[in-house]
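Have a look at the structure below, then the notes.
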Amino acid sequence: MVKVTEKFQVTIPKEVREKINLKPNEEFEVIALNDNEILLRSFRYKNLSMKNRA
Numbered sequence: 001m002v003k004v005t006e007k008f009q010v011t012i013p014k015e016v017r018e019k020i021n022l023k024p025n026e027e028f029e030v031i032a033l034n035d036n037e038i039l040l041r042s043f044r045y046k047n048l049s050m051k052n053r054a
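The sequence shown begins at 1 in UniProt numbering and counts up one residue at a time.
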């Protein structure tokens, strides 16, 4: 379970950070999928995913 602070900050759980190999200061995209789900997408693979869509 993750909480949102008063400044709308969240802490990504350690097991998730390790699984996606997220490093400090690394940027990622946050996408609202619907009213209760979000997707975190790393920019490391953004160019690759764009090529696959063409």
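A virtual CB, placed ideally from N, CA and C, is assigned to each residue, including glycine.
### Message
If you measure between the beta carbons of Val30 and Ile38, is that distance less than 7 Å?
### Response
On the sequence shown, position 30 is the one that residue 30 refers to. On the sequence shown, position 38 is the one that residue 38 refers to. Cβ distance < 7 Å, so Val30 and Ile38 count as in contact.
#### Entry: Simplified DSSP assignment, three categories, for Phe43
Mapped onto the sequence shown, residue 43 falls at position 43. Note: Phe43 maps to helix in three-state DSSP.
### Task
Under 6 Å Cβ to Cβ from Glu27, same chain only, skipping five residues before and after it: list those, please.
Working through the sequence shown from its first residue, we reach residue 27 at position 27. Within the same chain, Glu27 has close Cβ partners Phe43.
### Message
Can you check which of these residues, Gln9, Lys7, Asn34, Met1, is closest to Val16 by C-alpha distance?
### Response
Along the sequence shown, one-based indexing puts residue 16 at 16. Checking every option, the nearest Cα to that of Val16 belongs to Met1.
### Query
Could you give the uninterrupted runs of the alpha helix (DSSP H) lying entirely in the UniProt domain "SpoVT-AbrB" (1-45), keeping only those of 4 residues or more?
14-19
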